[in-house]
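S.K.:
In my numbering, the protein residues as written are 26 to 99.
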């Protein structure tokens, strides 16, 4: 389990900085696979370098990750 009490979402289009003194304790954890999916969507959404490699990686990701990408670009 990831430590969260209910299903949560990463809002790729709402990135913001947070002062260090505002960061509390850990409330949950993303798996390596989830972080890979998040990084790929970030690369595509924000047009970061290696975008093509990130897009090609989506061919191997679960359907849920593809749905996130579709939602972001539509």
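Positions of the beta carbon are idealized from the N, C-alpha and C atoms, including for glycine.
Could you tell me the alpha carbon to alpha carbon distance between residue 57 and residue 45, rounded to whole angstroms?
M.R.: Cα to Cα, residue 57 sits roughly 24 angstroms from residue 45.
S.K.: Could you please give the first and the last residue of the uninterrupted alpha helix (DSSP H) stretch that includes residue 63?
M.R.: From DSSP, the alpha helix (DSSP H) with residue 63 extends over 57–70.
S.K.: How about residue 67 and residue 37: are their beta carbons less than 7 angstroms apart?
M.R.: Cβ distance < 7 angstroms, so residue 67 and residue 37 count as in contact.
S.K.: Among 70, 62, 52 and 73, which residue has its Cα nearest to the Cα of residue 30?
M.R.: Among 70, 62, 52 and 73, the Cα nearest to that of residue 30 is on 52.
S.K.: Nearest by alpha-carbon distance to residue 35: which of 69, 73, 60 and 72 is it?
M.R.: Closest option to residue 35, Cα to Cα, is 60.
S.K.: Is it right to say residue 65 is buried, meaning 16 or more other beta carbons lie within 10 angstroms of its own, or is it exposed?
M.R.: It is buried - the Cβ of residue 65 has at least 16 other Cβ atoms within 10 Å.
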